[in-house]
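Shown next, in structure tokens, is the structure this report addresses.
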Amino acid sequence: MNPLVFGGFSQVPIRRSTAPKVSLAARSHIESMDAGLQSAAGAQEVIKDILARRSVTKLILGHNQLGDDGCEELFGFLSSEAGRKYKIGEISLNSNGIGNRGLLAISRYLQDNTHLKELFLQNNNFVGDPNVAMVFALSINSSRLETLSLATNANLTDVFVAHFLRVLDAPYLREVHFSVCGLTQASTTPLVEYLTSSRCQLHALKLNGNQLRVRGVWSIVRAIREANYTLQRMELYATGYSQPPNDSDTSTEEEDANIRPARWQEVEADLKRSLTRNLTLKNIVEKEALTLLRYSRVLLLRPKSRDALPATPVVSPCSETCSCVQLSSNNLFSSIGQPYPLSSIPSPPASHFPFTRLPTELQLHILSFLAPMLSTAQRLRIFTYASSPSTLPTLLPCLSNGGCIPDPASPQFTMGGPTAGGFGASSGMLFRKRGGGAVSACANGKCMGAGNSVLCRKEAERAQWLTSVRCTAFELDEEEKRD
203 MNPLVFGGFS QVPIRRSTAP KVSLAARSHI ESMDAGLQSA AGAQEVIKDI
253 LARRSVTKLI LGHNQLGDDG CEELFGFLSS EAGRKYKIGE ISLNSNGIGN
303 RGLLAISRYL QDNTHLKELF LQNNNFVGDP NVAMVFALSI NSSRLETLSL
353 ATNANLTDVF VAHFLRVLDA PYLREVHFSV CGLTQASTTP LVEYLTSSRC
403 QLHALKLNGN QLRVRGVWSI VRAIREANYT LQRMELYATG YSQPPNDSDT
453 STEEEDANIR PARWQEVEAD LKRSLTRNLT LKNIVEKEAL TLLRYSRVLL
503 LRPKSRDALP ATPVVSPCSE TCSCVQLSSN NLFSSIGQPY PLSSIPSPPA
553 SHFPFTRLPT ELQLHILSFL APMLSTAQRL RIFTYASSPS TLPTLLPCLS
603 NGGCIPDPAS PQFTMGGPTA GGFGASSGML FRKRGGGAVS ACANGKCMGA
653 GNSVLCRKEA ERAQWLTSVR CTAFELDEEE KRD
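Here this note's numbering is used: the first residue of the sequence shown is 203, the next is one more, and so on.
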């Protein structure tokens, strides 16, 4: 006997939805891999799909046949006023038969683009043209692109890499893939020149499957060890190092100096030590930069009340063309190099901090001991930022979101709004105190949530600031570089 029927209840069939579950984040993704998209007609289908959505953050179109015509059609729309409103962060166009005309269309879209972070262009029909390479590099310089993949474009060759790296100066670019791009030993010189220059801010570089051979591989590894402090991941597999050396692999000078290891294992161990060093120094530099900012903000920021005190008289500029003419009296560095007549300055009030009455040079020198691993240029960038009132955060908090962004996939997402002790879709994560008020769950910059289910806005802002002052890697002073 059915107990539900005996108790006066009848079973009610439960209707289960057959609609597939789609996460909130995936609704802004367009994934049309191997969808038969061809030429301009296929691009028009993608454009219609984009226009049907309020937001698009990912455009995954791999393994189609868009070609140059489809690429020009698609990026012509994305570069228009209607297309620019879509803040696309990732585009994948691998295996689409795109040539140099399509790459130029992509370059126009990249120009001054601050939203696109990842661009994947593997296995297309690009050819090593010097003009196209330089145009593409210049467009990346003006963008915020972080990851670029040109792997398995075997026709790029040394010509593309040489002209591309010559003008590449992208402070936000962190990862580049040049695997199986038809490179030879001729690419060693432009690669070494870029890796050892201040223009290189890469954290990862992949050169697998190129014929760099013994001389090319060892020159790159040696350059990283001696003059590169940004790379943390480097791949040089299947580059011909294990092949028998020929006359082009070594020079007499190198053989006499005995600088080339005999086995790949030794090269790999040397590379690993350099990358580990760079990662360790990166963590130290970032920690010291944040510490220096914390104290510099308090000691170097000049409130109006402090500016009202008698100021040091400014000496006339040495000439009309001298840069000191353009220094403002309110600038932190305007008093550097000026006479400091101690006898003419009245005694500061008892409540005034004596440190601020020291010459600016001495103040900065004292503060520099808080960050001994930073270069002089890095410390000056932090001092400039800390002393500027324009860099202060706004007094009113953002009403649209709190300190953290909850992941919709996390269980805590459905716990209700802040008044219920949880958080909703558009509010920060807050916990209620017994005495009233709320406590942020992001204490000391660390978010709460199982499995990193909460993205900390503070962490994102810290990373953005470290990038803006170029304190994401160890940096040598100019004197140390000359030595």
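All residues carry an ideal CB built from backbone N, CA and C; glycine is no exception.
For residue 436, count the other beta carbons within 10 Å of its own beta carbon; 16 or more makes it buried, fewer makes it exposed. Which is it?
Taking a 10 Å sphere around the C-beta of residue 436, we find 16 or more other C-beta atoms and assign the residue as buried.
Beta-carbon separation (whole angstroms), residue 313 vs residue 351, contact threshold 8 Å:
Incorrect: roughly 20 Å between the Cβ atoms, too far for contact.
Skipping 5 residues on each side, what residues in its chain have a beta carbon closer than 7 Å to that of residue 270?
Counting only Cβ-Cβ distances below 7 Å, and skipping sequence neighbours, we find 300, 301, 303 and 304.
With DSSP run on the structure shown, which of helix, strand or coil describes residue 511?
Note that residue 511 scores a pLDDT of 45, beneath 50, so its modelled location is shaky; the value from the coordinates is reported in the next line. In the structure shown, residue 511 falls within a coil segment according to DSSP collapsed to helix, strand and coil.
Since residue 589 is in the alpha helix (DSSP H), which residue starts that stretch and which ends it?
Unbroken alpha helix (DSSP H) run through residue 589: 578-589.
CB residue 264 to CB residue 241, shorter than 8 Å?
No, the Cβ-Cβ distance between residue 264 and residue 241 is not below 8 Å.
Under a Cβ-count criterion, where at least 16 other Cβ atoms within 10 Å of its own Cβ denotes burial, should residue 496 be classed as buried or exposed?
Classification for residue 496: exposed.
Please specify which runs of the alpha helix (DSSP H), each continuous and at least 4 residues long, are wholly inside the region 314-389, giving them in chain order.
The DSSP assignment places 332-343 and 359-369 as complete runs of the alpha helix (DSSP H) inside the region 314-389, in order along the chain (cut-off: 4 residues).
Assuming residue 320 contacts residue 292 under a Cβ cut-off of 8 Å, what Cβ separation, rounded to an integer in Å, is found between them?
Going by Cβ atoms, the distance from residue 320 to residue 292 rounds to 4 Å, so yes, they are a contact pair.
Helix, strand or coil at residue 254 according to DSSP, with G and I counted as helix
In the three-state scheme derived from DSSP, where H, G and I count as helix and E and B as strand, residue 254 is classed as coil.
Looking at the unbroken beta strand (DSSP E) that takes in residue 265, where does it start and where does it end?
Following the DSSP letters along the chain, one finds residue 265 in no beta strand (DSSP E), marked with neither H nor E.
When you compare only the Cα positions, how much space is there between residue 651 and residue 257?
Annotation note: pLDDT 44 at residue 651 (below 50); position unreliable, coordinate value reported separately. Cα atoms of residue 651 and residue 257: separation of roughly 27 Å, rounded to the nearest angstrom.
Compare the C-alpha of residue 374 against each of 393, 391 and 349 and name the closest.
Here the closest residue by C-alpha is 349.
Does the contact criterion of 3 or more C-beta pairs under 8 Å hold for the region 379-390 versus the region 407-419?
The answer is yes - the region 407-419 touches the region 379-390, with three or more Cβ pairs under 8 Å.
How about residue 405 and residue 376: do their beta carbons lie closer than 8 Å?
Yes, Cβ-Cβ distance for residue 405 and residue 376 is below 8 Å.
For residue 365 versus residue 388, is the C-beta distance shorter than 8 Å?
No, the pair does not count as a contact, with Cβ atoms beyond the cut-off.
Looking at C-alpha atoms only, which residue of 311, 326, 353 and 415 is the closest neighbour of residue 341?
Comparing Cα positions, the closest option is 311.
Terminal residues of the continuous alpha helix (DSSP H) containing residue 407?
Not the alpha helix (DSSP H): residue 407 falls in the beta strand (DSSP E), residues 406-408.
Looking only at DSSP bridge pairs, what is residue 437 linked to?
According to DSSP, which records beta bridges pairwise, residue 437 is partnered with 408.
Spatial neighbours of residue 638 within its chain, please: C-beta separation below 7 Å, excluding the five flanking residues on both sides.
At residue 638, the pLDDT of 46 sits below 50, so the modelled position is not reliable; the number obtained from the coordinates is stated separately. Hits under 7 Å: none found.
On a CA-only basis, which of 583, 356, 371 and 353 is nearest residue 397? Give me that one, please.
For the residues 583, 356, 371 and 353, the minimum Cα distance to residue 397 belongs to 371.
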